[in-house]
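Report on the structure given below.
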Amino acid sequence: MTPEMKGFLLFSSLKMLAVFTMTMVGVALMTLMERKVAGWIQNRPGPNRVGPTGLLQPVADGIKNFIKEETTPAAANRSLYTIAPAITFIPAMMLMAVIPLAAPLPLAVDFTLPVLGRFVYTGDLPMVVADLPIGFLFILAFSSLGVYGVALAGWASNSKYSLLGGLRASAQMISYEVALGLSLVPILLLSGNVAFSEIIRNQQEGLWYIAPLFLSFFVFLISGFAETNRLPFDLPEAEAELVAGYHSEYSAMKFSLFMIAEFAHILTISAMVTTLFFGGWDIPFTSWDEQGGVAQTLATHLAFFAKTFFWIFFVMWIRWTLPRFRYDQLMSLGWKVMLPLALVYIVVIAGAIWALDVLAPTISPTARAGALFLLNLPIGWGVFFFLDRGRIVQGVGQRAVPIRAGAEG
Amino acid sequence: MDLVTPVFWVFAGWSVVSAVLCITRRNPISSALWLVSTMFALAGIYVLLDAQFIAAVQVIVYAGAIMVLFLFVIMLLNVGDAPREWRRWPVGLLGVGLAAVLGAQLMMLGGYGRQRLADEFSTQPAPVNPALVFPEGMASAAAVAERGVVGAVAEPLFTAYLIPFEITSVLLLTAVIGAVVLAKKKL
Numbered sequence: 002m003t004p005e006m007k008g009f010l011l012f013s014s015l016k017m018l019a020v021f022t023m024t025m026v027g028v029a030l031m032t033l034m035e036r037k038v039a040g041w042i043q044n045r046p047g048p049n050r051v052g053p054t055g056l057l058q059p060v061a062d063g064i065k066n067f068i069k070e071e072t073t074p075a076a077a078n079r080s081l082y083t084i085a086p087a088i089t090f091i092p093a094m095m096l097m098a099v100i101p102l103a104a105p106l107p108l109a110v111d112f113t114l115p116v117l118g119r120f121v122y123t124g125d126l127p128m129v130v131a132d133l134p135i136g137f138l139f140i141l142a143f144s145s146l147g148v149y150g151v152a153l154a155g156w157a158s159n160s161k162y163s164l165l166g167g168l169r170a171s172a173q174m175i176s177y178e179v180a181l182g183l184s185l186v187p188i189l190l191l192s193g194n195v196a197f198s199e200i201i202r203n204q205q206e207g208l209w210y211i212a213p214l215f216l217s218f219f220v221f222l223i224s225g226f227a228e229t230n231r232l233p234f235d236l237p238e239a240e241a242e243l244v245a246g247y248h249s250e251y252s253a254m255k256f257s258l259f260m261i262a263e264f265a266h267i268l269t270i271s272a273m274v275t276t277l278f279f280g281g282w283d284i285p286f287t288s289w290d291e292q293g294g295v296a297q298t299l300a301t302h303l304a305f306f307a308k309t310f311f312w313i314f315f316v317m318w319i320r321w322t323l324p325r326f327r328y329d330q331l332m333s334l335g336w337k338v339m340l341p342l343a344l345v346y347i348v349v350i351a352g353a354i355w356a357l358d359v360l361a362p363t364i365s366p367t368a369r370a371g372a373l374f375l376l377n378l379p380i381g382w383g384v385f386f387f388l389d390r391g392r393i394v395q396g397v398g399q400r401a402v403p404i405r406a407g408a409e410g
Numbered sequence: 760m761d762l763v764t765p766v767f768w769v770f771a772g773w774s775v776v777s778a779v780l781c782i783t784r785r786n787p788i789s790s791a792l793w794l795v796s797t798m799f800a801l802a803g804i805y806v807l808l809d810a811q812f813i814a815a816v817q818v819i820v821y822a823g824a825i826m827v828l829f830l831f832v833i834m835l836l837n838v839g840d841a842p843r844e845w846r847r848w849p850v851g852l853l854g855v856g857l858a859a860v861l862g863a864q865l866m867m868l869g870g871y872g873r874q875r876l877a878d879e880f881s882t883q884p885a886p887v888n889p890a891l892v893f894p895e896g897m898a899s900a901a902a903v904a905e906r907g908v909v910g911a912v913a914e915p916l917f918t919a920y921l922i923p924f925e926i927t928s929v930l931l932l933t934a935v936i937g938a939v940v941l942a943k944k945k946l
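Protein chains in written order, with the numbering used here: chain A, 2 to 410; chain B, 760 to 946.
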């Protein structure tokens, strides 16, 4: 094996280890953060007994989950019941592997270890485990595999609440996956690539995609909430109807794996919103961060962390602000609003990009993005005006039901 | 060291084992899951062939959407284990025979004679048939490097193969309309 290949394998393993550790620690801290944010919004302290200001609460929760008794329902399908948490957990852990966490680090190392031999690495070390050419398609593919864990958990438990929860969850995730995928097509049209590194470079040259592709961002964010089964779309675990949904019968570490997967999905969706619409690790209004160096890598990582942190907070903020949707409202929002909106928006953006290319081929990327932003203003206003009227997202309660004479009493 | 060959054997073995388990399991849910596993292994082989886009679409469409619907239907209908019917062994024998015929046909179609098989199993590098090698600049790796993973598929699809592509989409649309007509009692 050549020293270059050994250097590549060494740094790849280090990055894998770092990203896995960061995801697990981040998930542990997010469970605490959620309860702290809930406390703050509801004007109470939140957990504050374990460790300084409750910082060790995740550790206590983890130990509790490890030493609790594991129960298996008598009529469960044992093998699938056991493997379902793993099927949910593994794809959720793989998602963060393709998101660039910082600017590439220029590196030139050449050293020899006692047993393993010589390691060489020269060039820019990308701050991502794998900079795949398929970029966000990888995330779509693997997050769609998470449906299996949920559906199987519901089915294998052999309990009616679990089964209903699992079916609801998979129907919801399949429905919103369509809108989620279609909301990313305008990004492909504008940047001409699906790889995250290329998308970030395009945003550095022009504007962050939140400006030229605002409605994509809107559809993506809402579909992302539905994909992660978070409030206001947490119907699969609606406790008033289904006990706890697909994981009603799970306890101890198996239950914990479902929770870890859910929080890892929140982390991934926040990181994706940051990367696709807010420039990723880009620091705005300066090109200093693109020069490369240790300071730049650290600073861009802080920028990425701050943006992602805001979106994680946003997810929790929404949870304690909006009430839960009803199931028919959820489905009609997905199929009758989000899907047509995403489709029409693809047509509009494709037409606008084509018109800009024909009318003003020499325009700078920033001006091009600005022109698309101006186009977004009236469309966005129209969409919100339309949604606000409650014309489409209405349940059976608001439908005019003809009442037969004499049937009132 | 060539890293691709061992990875290929991992995925190839994985896909064959999953496919065999898919048709031999009696529980329909296990069969469906082994089919998902086969799809996944095939996606891995596509990546090795530099067709990353096809691999991603394979997982998104087949493993992520179609097989989930399969599972849905199996769960909702509550299909039980298939009964073991030993009386039907002639059908099994017929299947093995047909598989052997198909295998022999594929061998002949691929030009696998005695000499070729000996080349495959020997440790000597086999002579390469020039007709089977991509000409320079036409290989999928070059197309991907030039236009990106999506462009490499989209460009031929929307220029050379536009008509077949559109006809396929019309076919799918017809199937969707047919399903709606069958499912709805009153339109």
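Every residue, glycine too, gets a C-beta built ideally from N, C-alpha and C.
In this text the structure is predicted, and so the values were computed from the model without any measurement.
CB contact check: residue i to chain B, cutoff 7 Å
{"i": "A/Val148", "result": "yes"}
{"i": "A/Val186", "result": "no"}
{"i": "A/Gly396", "result": "Confidence is the limiting factor: at A/Gly396 the pLDDT is only 48, short of 50, which leaves the residue's position unreliable, though a coordinate-based value still follows. Cβ-Cβ to chain B under 7 Å: no for A/Gly396."}
{"i": "A/Trp312", "result": "no"}
{"i": "A/Trp156", "result": "yes"}
{"i": "A/Gly410", "result": "With a pLDDT of only 45 at A/Gly410, under 50, the local geometry of the prediction cannot be trusted, and no value is derived from it."}
Residue i versus residue j - alpha carbon distance
{"i": "A/Lys337", "j": "B/Val860", "result": "51 Å"}
{"i": "B/Ile819", "j": "A/Ala245", "result": "28 Å"}
{"i": "A/Asn194", "j": "B/Ala911", "result": "11 Å"}
{"i": "A/Gly396", "j": "A/Ser333", "result": "The pLDDT assigned to A/Gly396 is 48, lower than 50, so where the model puts this residue is not dependable, and the model offers no usable value."}
{"i": "A/Met97", "j": "A/Thr269", "result": "6 Å"}
{"i": "A/Val179", "j": "A/Leu30", "result": "31 Å"}
{"i": "A/Pro59", "j": "A/Leu33", "result": "6 Å"}
{"i": "B/Phe924", "j": "A/Val295", "result": "49 Å"}
{"i": "A/Ala71", "j": "B/Ala800", "result": "A small fix is needed here, since residue 71 of chain A is Glu in this sequence, not Ala. So the alpha carbons of these two residues sit roughly 33 Å apart."}
{"i": "B/Ala815", "j": "A/Phe387", "result": "36 Å"}
{"i": "A/Val186", "j": "B/Val909", "result": "11 Å"}
{"i": "A/Gly136", "j": "A/Ala104", "result": "17 Å"}
{"i": "A/Val51", "j": "A/Met128", "result": "35 Å"}
{"i": "A/Gln205", "j": "A/Leu360", "result": "24 Å"}
{"i": "A/Gln297", "j": "A/Ile284", "result": "10 Å"}
{"i": "B/Gly862", "j": "B/Leu868", "result": "10 Å"}
{"i": "B/Leu808", "j": "A/Ile42", "result": "52 Å"}
{"i": "A/Pro107", "j": "B/Tyr920", "result": "43 Å"}
{"i": "A/Val130", "j": "A/Leu344", "result": "33 Å"}
{"i": "A/Ile211", "j": "A/Phe278", "result": "5 Å"}
{"i": "A/Thr335", "j": "A/Leu258", "result": "For clarity, residue 335 of chain A is Gly in the given sequence; the question names Thr instead. One C-alpha to the other measures close to 28 Å."}
{"i": "A/Lys7", "j": "A/Ala85", "result": "36 Å"}
Closer than 7 Å at the beta carbon, the chain A residues around residue i
{"i": "B/Leu830", "result": "Ala152"}
Closer than 7 Å to chain A by CB, residue i
{"i": "B/Val823", "result": "Looking at the sequence provided, one finds Gly at residue 823 of chain B rather than Val. True, the Cβ-Cβ gap to chain A drops below 7 Å."}
{"i": "B/Val769", "result": "no"}
{"i": "B/Met798", "result": "no"}
{"i": "B/Ala815", "result": "yes"}
{"i": "B/Met867", "result": "no"}
{"i": "B/Val818", "result": "yes"}
{"i": "B/Gly907", "result": "yes"}
Cβ-Cβ separation, residue j to residue i (assumed contact under 8 Å), whole Å
{"i": "B/Ser777", "j": "B/Arg784", "result": "Wrong, their Cβ atoms sit about 11 Å apart, outside the cutoff."}
{"i": "B/Val827", "j": "A/Ile175", "result": "6 Å"}
{"i": "A/Leu141", "j": "A/Gly182", "result": "6 Å"}
{"i": "A/Phe314", "j": "A/Val38", "result": "7 Å"}
{"i": "A/Met273", "j": "A/Ile100", "result": "7 Å"}
Interface residues of chain B facing residue i [CB-CB closer than 9 Å]
{"i": "A/Ala350", "result": "In the sequence on display, residue 350 of chain A carries Ile and not Ala. Under the 9 Å cutoff, chain B gives no residues; its nearest Cβ is about 16 Å from A/Ile350."}
{"i": "A/Met175", "result": "Checking the displayed sequence, the identity of residue 175 of chain A turns out to be Ile instead of Met. Result: Gly823, Ala824, Val827, Leu828 and Phe831."}
Partners in chain B for residue i, counting only beta-carbon separations shorter than 7 Å
{"i": "A/Ser171", "result": "Val827 and Phe831"}
Within chain A, partners of residue i - CB distance below 9 Å
{"i": "B/Phe812", "result": "Pro134, Ile135, Leu138 and Val195"}
{"i": "B/Ile788", "result": "Asn78, Leu81, Leu153, Trp156 and Ala157"}
>> Give me the subset of the stretch 119-151 of chain A whose CB atoms are less than 8 Å from a CB atom of chain B, sorted by chain position.
In response: Leu133, Pro134, Ile135, Leu138, Phe139, Leu141, Ala142, Phe143, Ser145, Leu146, Val148 and Tyr149
>> So if I threshold CB-CB distances at 9 Å, which residues from the stretch 187-202 of chain A count as touching chain B?
In response: Leu189, Gly193, Asn194, Val195, Ala196 and Glu199
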